[in-house]
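For the sequence shown, our numbering gives the first residue as 2, with consecutive numbering after it. Even glycine gets a Cβ: it sits at the ideal position worked out from N, Cα and C. This structure is a prediction, so every number in the text was calculated from the model and none was measured. Accompanying notes for the structure given below.
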Amino acid sequence: MVPTLHYLFTLSVPAFLLAPCIQAQDVIHFMDNAQVVSKVLEVGIDSIVYIPEKLNKKKGKEQHVPKAFIKFIEYENGQRYFVEHSQIFLTDGKLLLALVERYDENHLYYQDVYTRNAKRLAMRKVVAIRYNNNHRVNFMDKINLREGSYLAGSILEINDEEIVFENTENHHRKDKIDLDLVRSIEFKNGFEQEFTAAQPNK
Numbered sequence: 002m003v004p005t006l007h008y009l010f011t012l013s014v015p016a017f018l019l020a021p022c023i024q025a026q027d028v029i030h031f032m033d034n035a036q037v038v039s040k041v042l043e044v045g046i047d048s049i050v051y052i053p054e055k056l057n058k059k060k061g062k063e064q065h066v067p068k069a070f071i072k073f074i075e076y077e078n079g080q081r082y083f084v085e086h087s088q089i090f091l092t093d094g095k096l097l098l099a100l101v102e103r104y105d106e107n108h109l110y111y112q113d114v115y116t117r118n119a120k121r122l123a124m125r126k127v128v129a130i131r132y133n134n135n136h137r138v139n140f141m142d143k144i145n146l147r148e149g150s151y152l153a154g155s156i157l158e159i160n161d162e163e164i165v166f167e168n169t170e171n172h173h174r175k176d177k178i179d180l181d182l183v184r185s186i187e188f189k190n191g192f193e194q195e196f197t198a199a200q201p202n203k
């Protein structure tokens, strides 16, 4: 039996009516790729407050979660709010996104934003911390290269052609790098120096 036009129209109505209900929700995207359909109530400096969809129907309790565990929030109107994460720069050139808890002379304590596991690092491996509010703490001199990577250590000399420094990753060996390759230096004392690219000869 061939379905009539009236029958097909009747089948399509429920899906059409349900679409606005599905879309009219906030969706929280976590760093571990989990997604929670919810109603976001507040976005604070360090955390967000929300009610998951299932609990919202039952007037459930508000949920609090650190912003560090969130990648972005997609609001019901389609707008997206992306979260800035604190960054830990390591002597081997790697970068960690983390919820920084505290540090002392020996260790830095943090939570992994993907697994939420508590971890610690030896301070001798930590070059700098850049918090999500752009506050920065440097534990070594950090040489930012134009290509996007960086070197860490202790600056010994800066002249017109090169930078001489003790390379932390290379067992504090005395190294040199051409000044043309350097974008900026973030010194341990907090001072930052920018370098302009060398102009080609005309």
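Residue range 108–113 is occupied by the beta strand (DSSP E) that includes Tyr-111.
Taking 7 Å as the cut-off, the beta carbon of Leu-91 is found closer than this to the beta carbon of Lys-126. The beta-carbon distance between Gly-191 and Asn-168, rounded to whole angstroms, is 21 Å. This is too long to meet the 8 Å contact definition.
Around Ile-52, the same chain offers Ser-39, Lys-40, Leu-42, Gly-61, Lys-62, Glu-63, Gln-64 as residues with beta carbons nearer than 8 Å, after the five sequence neighbours per side are excluded.
Rounded to the nearest whole angstrom, the C-alpha separation of Ile-178 and Arg-81 is 41 Å.
In the structure shown, Lys-126 adopts helical secondary structure according to DSSP, grouped into three states. According to the DSSP secondary-structure assignment, Val-165 is paired through a beta bridge with Glu-158, Lys-177. Leu-157 and Leu-182 have their C-alpha atoms roughly 17 Å apart.
Here Phe-188 carries a coil assignment [DSSP, helix/strand/coil]. Distances from the CA of Asn-135 to each of Ile-46, His-30, Ile-29, Asn-34 were compared; the closest alpha carbon is that of Ile-46. DSSP places Glu-75 within a strand segment (E or B) once states are collapsed to three. In the DSSP assignment, Val-37 is bridged to Ile-29.
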